[in-house]
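The structure under discussion appears below in the form of structure tokens.
Residue numbers (our numbering): 6 to 413.
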């Protein structure tokens with residue numbers, strides 16, 4: 006029988022009624038001739054509750070003990086789902102990450118999966134069991150419980166699908182697929198039937214929160230077909246697969262945006278070797294991630310250096326820059342937290358010219374000034390004033406014909 010790995014997030018298993026609903030879905034797949042391995046998260050709100058308890062006890066929080074605590078959330082869910090399945094006449098067994106030997110490194114709270122021993126699961130599947138595995142967790146070589154960080158259940162599911170050579174890994178969420186953009190911004194956004202791993206990675210890194218980035222990277226590396234489905238609405242969802250498996254690739258697949266950007270500029274820096282490092286070195290040493298970078302060389306032998314960081318890092322980065330600016334003899338340091346990044350994503354860009362010019366023309370036609378531009382093989386990103394976010398996304402969505410014609 007073909008094997009399907011299914012992952013259900015916290016909202017999908019947030020109540021006893023929803024756990025019963027998940028059990029019915031699993032049983033339906035088994036009736037249709039599939040073996041099923043289910044990966045579940047903790048019930049919605051449970052991880053935050055446990056974190057709150059930990060902070061009350063010890064604000065410093067020890068990484069090892071925190072992992073021991075947080076892993077219990079998923080343990081509750083796997084037991085309840087296995088009980089529900091057994092009660093409905095479906096043989097089921099639940100396992101923690103340690104029990105099925107999901108081996109990770111020892112980086113507590115953000116561990117990475119190294120290997121999975123699938124022998125125990127294969128034996129149980131052969132004996133007719135549905136398997137329920139705790140997501141988000143594993144065990145290191147010393148026997149310590151580890152967790153994979155926020156969204157780690159997605160990664161658990163993809164890793165199991167790869168190890169077990171599953172036909173497909175299905176990620177059930179509270180949305181029914183991947184859309185051309187956020188339907189809350191563009192009501193006639195269209196659900197995509199297919200998208201490539203590359204495009205999904207770009208969408209996820211640029212602000213789309215449908216899937217965890219690490220899970221998409223893992224799926225692409227091991228060629229595990231991913232399907233995003235709704236736990237609450239029937240439908241085929243969105244299949245994420247290799248580019249060669251996408252028969253008719255659209256020019257642009259989607260528009261992503263990120264509201265958590267902030268811009269910093271150092272004006273009048275001496276134009277000489279090593280200046281970029283002197284500006285960005287302290288930023289990197291402070292573990293602040295830099296996104297877009299633009300450097301303009303002036304006629305007077307100085308240069309202006311602009312870059313973006315996460316909005317939460319703005320104040321810290323600004324302070325570091327002001328210290329460096331004095332050492333470099335820069336004229337001024339300025340910044341702005343009221344910016345956003347809007348990005349076009351599509352593998353169709355590889356074989357079509359004029360995408361950038363059409364994007365810039367569209368934004369100009371609605372009076373939006375572009376502050377910064379960044380491109381890659383399948384992405385064009387621009388930074389604009391925050392107040393133009395919705396106008397810009399809607400204008401681009403219309404200009405590139407991404408709308409759903411069935412929505413008024």
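All C-beta atoms in this analysis are idealised placements derived from N, C-alpha and C, irrespective of residue type, glycine included.
On a predicted model such as this, the values are computed, not experimentally measured, just so you know.
Going by DSSP, what residues sit across from residue 377 in a beta bridge? According to DSSP, which records beta bridges pairwise, residue 377 is partnered with 388.
List the residues that DSSP assigns as beta-bridge partners of residue 300. Beta-bridge annotation (DSSP): residue 300 is paired with 310.
CB contact flag (residue 87, residue 99, <7 Å): In this structure, residue 99 lies closer than 7 Å to residue 87 by Cβ.
Which of helix, strand or coil DSSP assigns to residue 335: Coil at residue 335, not helix or strand.
Whose C-alpha, out of 134, 189 and 216, is nearest the C-alpha of residue 161? The residue with the shortest Cα to Cα distance from residue 161 is 216.
For residue 106, which three-state DSSP category applies? Reduced to three states, the DSSP call for residue 106 is coil.
Among 393, 262, 282 and 311, the one whose alpha carbon lies nearest that of residue 273: Cα-wise, what sits closest to residue 273 is 311.
Please report the Cβ distance between residue 340 and residue 269, rounded to the nearest whole angstrom; I am assuming they are in contact, meaning their Cβ atoms lie under 8 Å. Contact flag correct, Cβ pair sits at about 5 Å.
Distance CB(residue 293)-CB(residue 318) smaller than 7 Å: Going by C-beta atoms, residue 293 is nearer than 7 Å to residue 318.
Sorted by chain position, which residues of the same chain lie with C-beta nearer than 8 Å to residue 363's C-beta, five sequence neighbours on each side aside? Same-chain partners within the cutoff: 404 and 405.
Tell me, please, which residues DSSP counts as bridged to residue 342. Per DSSP, none; premise fails for residue 342.
Spell out a yes or no on whether the segment 130-146 and the segment 99-113 are touching, meaning 3 or more CB-CB pairs, one atom from each, closer than 8 Å. Yes, the segment 130-146 touches the segment 99-113.
Could I get the ranges of all uninterrupted alpha helix (DSSP H) runs contained in the segment 234-290, with 4 residues as the minimum, in chain order? DSSP assignment within the segment 234-290 yields the following whole alpha helix (DSSP H) runs of 4 residues or more, N-terminal first: 280-290.
With residue 403 as the anchor, note down where its beta strand (DSSP E) starts and where it stops. Taken as a continuous stretch (DSSP letters only), residue 403 belongs to no beta strand (DSSP E), being part of the alpha helix (DSSP H) at 394-404.
Short check: CB of residue 40 to CB of residue 151, under 7 Å? No; because the gap between Cβ atoms is not below 7 Å, this pair is not in contact.
Check whether residue 93 and residue 44 have beta carbons under 7 Å apart: Judged by their CB atoms, residue 93 and residue 44 are not nearer to each other than the 7 Å cut-off.
Boundaries of the alpha helix (DSSP H) in which residue 202 is found, first to last residue: For residue 202, the uninterrupted alpha helix (DSSP H) run begins and ends at 202-210, by DSSP.
Residues of its chain near residue 186, where Cβ-Cβ distance is below 8 Å and the 5 sequence neighbours each way are ignored: Taken in chain order, the residues that qualify are 194, 259, 260, 261, 262, 398, 402 and 407.
For residue 328, which option in 352, 288 and 85 has the closest C-alpha, if you only look at C-alpha atoms? Just measuring C-alpha positions, the residue of 352, 288 and 85 sitting nearest residue 328 is 288.
Measure the alpha-carbon distance for residue 203 versus residue 62 and round it to whole angstroms. Spanning the two alpha carbons is a distance of roughly 43 Å.
Exposed or buried, which one is residue 357 when buried takes at least 16 other CB atoms within 10 Å? Exposed is the call here.
Use the C-beta contact count for residue 417: other C-beta atoms within 10 angstroms, 16 or more gives buried, fewer gives exposed. With the chain covering 6 to 413 only, the question about residue 417 has no answer from this structure.
According to the Cβ coordinates, are residue 159 and residue 220 closer than 7 Å? Yes, they are a contact pair.
Are the segment 227-245 and the segment 379-396 touching by the rule of at least three beta carbon pairs closer than 8 Å? Segment contact: the segment 227-245 against the segment 379-396, fewer than three CB-CB distances shorter than 8 Å; contact not assigned.
With 16 as the cutoff for other CB atoms within 10 Å, does residue 282 come out buried or exposed? That one is exposed.
Is residue 384 closer than 7 Å to residue 222 when the C-beta atoms are compared? Not a contact, by the Cβ cut-off of 7 Å.
Starting from residue 89, follow the beta strand (DSSP E) in both directions and report where the run begins and ends. No beta strand (DSSP E) contains residue 89, which is instead part of the alpha helix (DSSP H) from 68-92.
Please look up how many angstroms separate the CB atoms of residue 135 and residue 31, rounded, as I've assumed it's under 8 Å. The Cβ separation is near 6 Å, so the contact holds.
Compare the beta carbon distance of residue 243 and residue 211 with 7 Å and say whether it is the shorter of the two. Not closer than 7 Å, so no.
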